[in-house]
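In the numbering used here, the protein residues as written are 92 to 470. Each residue gets a CB set at the ideal place from its N, CA and C atoms; glycine is no exception. Take a look at the structure below.
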Ligand code: NAD
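This is the structure:
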């Protein structure tokens, strides 16, 4: 059976879904691995490296594949070249790409979305949201340090003492905790806030100060955050305002599953920041935690430079690809069975991970929220 690695086509996407060092994991399961030419170019991986690892580099790799792996959803032209009954594994935010989901359905493709892998312990090694959030969180802290025209750490020198920078992080999920850890390693004084009760301890375990706003916590299903009411949001903004006014760098990473990112910081709050201060909005692409931030751009609000994140893991394509590829290997391994002593791609749809991640199969959209967006709610 054949697994093909697609060359990404979306603007700004530099990652690739498989790296040469993990090709042998797939071949040892019994798969032939084919790679589209230049698939790794964005991540500085040459075709020759895939070939040396045992893959075949071929222009029409997708057409004869049983399974196609990619980071972004395949474009419609590629989907139409696939064999009926083939499987795609990628990120597939159905609500944002309804035409692609409709095409996958109509072409009889089985598609799995990495962001729908349930967050149960057995699936941790396949959790691409976490692996990419780790990269994004690290990058946020590094960008903040790069834009800020002062030291992160305390410096005590013969010429005098330079105080450390103060960094405030809002949202302490995987990305936020990684931003905290990175800013701490660079020597900043870090304070952080998250609406989940469990987050306070996680923030402190990273060596940062947990900001206590004396507001009710907002736990939703599965330990995730719940959406704020407008009144709760206004009280949170008011209580956070002095912390933000004092910060040299503000990093926001707050998200609520299935919703637009919550607006945590108004332009007026940014305007009260000091000259030279820096704001990093990791949520800029999904609505923004900071009013006025622009995804993929740096804008000036008051005295602050406001950096809006756009596909941030693509800014570190090597490690982001390697972690994503490991997630892919792990999910493909789960979907591989043995027949006559050979590995075969045979996903067990009674398995929670396989079933939950499946978006389309046999001409039907199985993921209900996506189906409602693409086909409309049932009458
Ligand atoms: P996320 O990317 O969905 O959101 C980022 C953070 O924003 C979350 O911590 C959330 O609580 C916070 N947030 C939401 N609204 C906020 C607001 N108004 N103000 C401040 N913060 C706000 O989060 P994530 O990285 O996916 O992690 C969310 C939870 O899932 C965490 O508890 C994490 O430990 C857990 N998790 C579990 C697994 C697993 O079990 N396999 C894997 C990854 C994450």
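| Item | Value |
| --- | --- |
| Is the region 310 to 327 in contact with the region 346 to 357, if contact means three or more CB pairs nearer than 8 Å? | yes |
| Thinking residue 245 and residue 278 are a contact (beta carbons under 8 Å), I'd like their distance in whole angstroms, please. | 6 Å |
| Spatial neighbours of residue 369 within its chain, please: C-beta separation below 6 Å, excluding the five flanking residues on both sides. | 235, 238, 239, 340 and 396 |
| Ignoring anything shorter than 4 residues or poking outside the region 335 to 409, list the alpha helix (DSSP H) runs there in chain order. | 358 to 362 |
| When you compare only the Cα positions, how much space is there between residue 127 and residue 391? | 41 Å |
| Please state if the CB of residue 351 and the CB of residue 378 are separated by a distance shorter than 7 Å. | yes |
| With distances taken Cα to Cα, identify the nearest neighbour of residue 252 among 241, 329, 259 and 261. | 241 |
| May I ask which residues mark the beginning and end of the beta strand (DSSP E) holding residue 449? | 449 to 452 |
| Among the residues of its own chain, which have a CB less than 7 Å from the CB of residue 118, if the five just before and after it don't count? | 124 and 145 |
| Between which two residues does the alpha helix (DSSP H) carrying residue 138 extend? | 138 to 143 |
| Hey, how far is the Cα of residue 151 from the Cα of residue 104? | 21 Å |
| Helix or strand or just coil, what does DSSP make of residue 199? | coil |
| Between the alpha carbons of residue 388 and residue 217, how many angstroms are there, rounded? | 31 Å |
| Can you tell me whether DSSP reads residue 205 as helix, strand or coil? | helix |
| Applying the criterion that 16 or more other CB atoms from any shown protein chain within 10 Å of the CB defines a buried residue, is residue 257 buried or exposed? | buried |
| Quick one: Cα of residue 211 to Cα of residue 365, how far? | 43 Å |
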